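Before any comments, here is the structure.
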Amino acid sequence: MSERLKSSGLVGELSAEFAGTMILILFGCGVVAQVVAGGALTDPAGGLGNHDSIAWAWGLGVTLGVYAAARLSGAHLNPAVTVALAAFKGFPWSRVAPYALAQLAGAFVAALIVRWNYSEALAKADPGHTIKTQGVFSTLPANGNPNLPVTEWGALRDQIIGTALLLLLIFAVTDLLGTPPGANLAPFIVGLIVVAIGMAWGTNAGYAINPARDLGPRLASFITGYGTAWRDQYGNFYFWVPIIGPFVGGLLGAAIYKLLIGRFLPTAEPEPPGRVPAPDES
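The sequence shown runs 15 to 296 under my numbering.
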């Protein structure tokens with residue numbers, strides 16, 4: 015097993031990041047398509063889920079994607095996570111761009127699959143492929159609701175805060191010097207973190223908290239008929255918000271963890287020496 019892991023190298027890591035992010039987006043964009051497009055066609059409307067089912071499916075998508083990829087790559091599944099790990103945990107900077115590209119590609123392919131699979135429902139619910147169903151693939155300020163006047167700057171603030179919270183908690187859960195979850199439960203706990211963020215921080219900007227999660231599906235929607243993909247419901251260019259915000263927030267959250275918690279944890283110490291049995295005792 016160890017020889018196989020060594021031989022896989024960067025190719026295996028990137029393959030894992032691609033697959034893990036694809037799994038995440040298949041569940042994430044898939045549930046939004048079911049709720050928004052499919053739900054619009056039920057009688058009464060909204061019969062296929064709600065915000066809570068969206069939050070849970072995104073969290074479970076994270077959990078399952080991490081379980082799939084963790085052995086080979088550590089399952090970052092998020093360029094903001096990769097950058098934060100490079101800045102604070104010694105992850106090689108030379109691998110940041112390849113990881114981010116693999117994550118973006120996985121999100122893009124997954125979104126194309128969702129777009130294809132839900133093509134009938136999307137066409138029926140929104141024949142013009144407009145902002146009405148654009149949120150299936152990419153985030154919008156106030157989730158596209160014009161009654162909540164969140165601008166791109168308010169959404170940027172939201173993305174910084176949400177991603178800071180995500181990275182602070184990921185660092186806490188994965189820090190072996192703290193109290194990490196046992197029995198290989200860390201991916202499940204990380205998924206619960208995403209559920210919690212979705213339920214508490216999902217109003218202002220749809221909790222992208224992941225540049226690949228937003229940009230990959232946004233590009234997929236654009237090339238398959240969504241001319242509004244790069245803008246918000248007010249006509250403003252918006253695509254940059256869920257890219258810049260998570261990068262800034264991820265670094266901020268990791269720094270806060272290091273400042274408030276990590277530097278106070280006891281360092282690992284070598285085990286005290288035991289008696290080495292003599293040859294005739296073994």
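Ideal placement from N, C-alpha and C gives every residue a C-beta, glycine not left out.
As the structure is a computational prediction, the values presented were derived from the model and not from experiment.
Check: Cα separation between G120 and T281?
Finding: Stepping through the sequence shown from its first residue, residue 120 is reached at position 106. Stepping through the sequence shown from its first residue, residue 281 is reached at position 267. Each residue's alpha carbon lies about 37 Å from the other.
Margin query: So, for A30: in the same chain, excluding its five sequence neighbours on each side, which residues have a beta-carbon less than 6 Å away from its beta-carbon?
Written below: Locating residue 30 in the sequence shown gives position 16, where the first residue counts as 1. Once the five neighbours on either side are set aside, the close Cβ partners of A30 are A83, L86, S87.
Next item on the list: Run the CB neighbour count on V25, radius 10 Å, all protein chains shown included, and call it buried at 16 or more, exposed below.
Entry: Here the question's residue 25 lines up with position 11 in the sequence shown. Exposed: under 16 other Cβ atoms inside 10 Å.
Notebook entry, point to check: Going by Cα to Cα distance, which pick from V209, I184, F41 is closest to P231?
Noted result: Within the sequence shown, the letter at position 217 stands for residue 231. Closest option to P231, Cα to Cα, is F41.
Notebook entry, point to check: Who are F251's beta bridge partners in DSSP?
Noted result: Counting from 1 along the sequence shown, the entry for residue 251 is found at position 237. Its beta-bridge partners are R245.
Note to self: Buried or exposed for R109, going by 16 or more other Cβ atoms inside 10 Å?
What the structure shows: The count along the sequence shown starts at 1 and reaches residue 109 at position 95. With 16 or more Cβ atoms within 10 Å of its Cβ, R109 is classed as buried.
Next item on the list: Identify whether T147 lies in helix, strand or coil by the three-state DSSP scheme.
Entry: Position 133 of the sequence shown, counting from 1, holds the residue named residue 147. Looking at T147 - three-state DSSP - the assignment turns out to be helix.
Check: Pick from Q117, G176, V209, A214: whose alpha carbon is nearest that of G75?
Finding: On the sequence shown, residue 75 is found 61 positions in, with the first residue counted as 1. That would be V209, whose Cα lies nearest to the Cα of G75.
Item checked: Contact between the segment 170–187 and the segment 208–225 (3+ Cβ pairs under 8 Å) -> yes
Notebook entry, point to check: By the 10 Å Cβ neighbour count, where 16 or more other Cβ atoms means buried, how is A169 classified, buried or exposed?
Noted result: What you label residue 169 is simply residue 155 of the sequence shown in a count that begins at 1. A169 is buried by the Cβ-count criterion.
Next item on the list: Compute the Euclidean distance between the alpha carbons of K103 and D189, then round it to the nearest angstrom.
Entry: Numbered from 1 along the sequence shown, position 89 holds the residue referred to as residue 103. Numbered from 1 along the sequence shown, position 175 holds the residue referred to as residue 189. Roughly 10 Å separates the two Cα atoms.
Notebook entry, point to check: What span of residues does the alpha helix (DSSP H) with T177 cover, start to end?
Noted result: Mapped onto the sequence shown, residue 177 falls at position 163. Its alpha helix (DSSP H) spans residues 166–188.
Next item on the list: Please say whether P93 and A268 have beta carbons closer to each other than 8 Å?
Entry: Here the question's residue 268 lines up with position 254 in the sequence shown. Here the question's residue 93 lines up with position 79 in the sequence shown. Not in contact: A268 and P93 (Cβ atoms no closer than 8 Å).
Notebook entry, point to check: F278 lies in the alpha helix (DSSP H); which residues open and close that run?
Noted result: Looking up residue 278 in the sequence shown gives position 264. First-last for F278: undefined, no H or E at that position.
Check: Looking at the unbroken alpha helix (DSSP H) that takes in S235, where does it start and where does it end?
Finding: Reading the sequence shown from its first residue, position 221 is the one you call residue 235. Per DSSP, S235 belongs to the alpha helix (DSSP H) from 225–237.
Notebook entry, point to check: Just the Cα atoms here: how many angstroms apart are T147 and S22?
Noted result: Taking the first residue of the sequence shown as 1, we reach residue 147 at position 133. Taking the first residue of the sequence shown as 1, we reach residue 22 at position 8. Spanning the two alpha carbons is a distance of roughly 40 Å.
Check: From M36 to V80, what distance separates their C-alpha atoms?
Finding: Numbered from 1 along the sequence shown, position 22 holds the residue referred to as residue 36. Numbered from 1 along the sequence shown, position 66 holds the residue referred to as residue 80. Approximately 11 Å, taken between the alpha carbons.
Notebook entry, point to check: Could you give the distance in angstroms between the alpha-carbon of V46 and the alpha-carbon of V97?
Noted result: Your numbering for residue 46 matches position 32 in the sequence shown. Your numbering for residue 97 matches position 83 in the sequence shown. Rounded to whole angstroms, V46 to V97 spans 28 Å at the Cα level.
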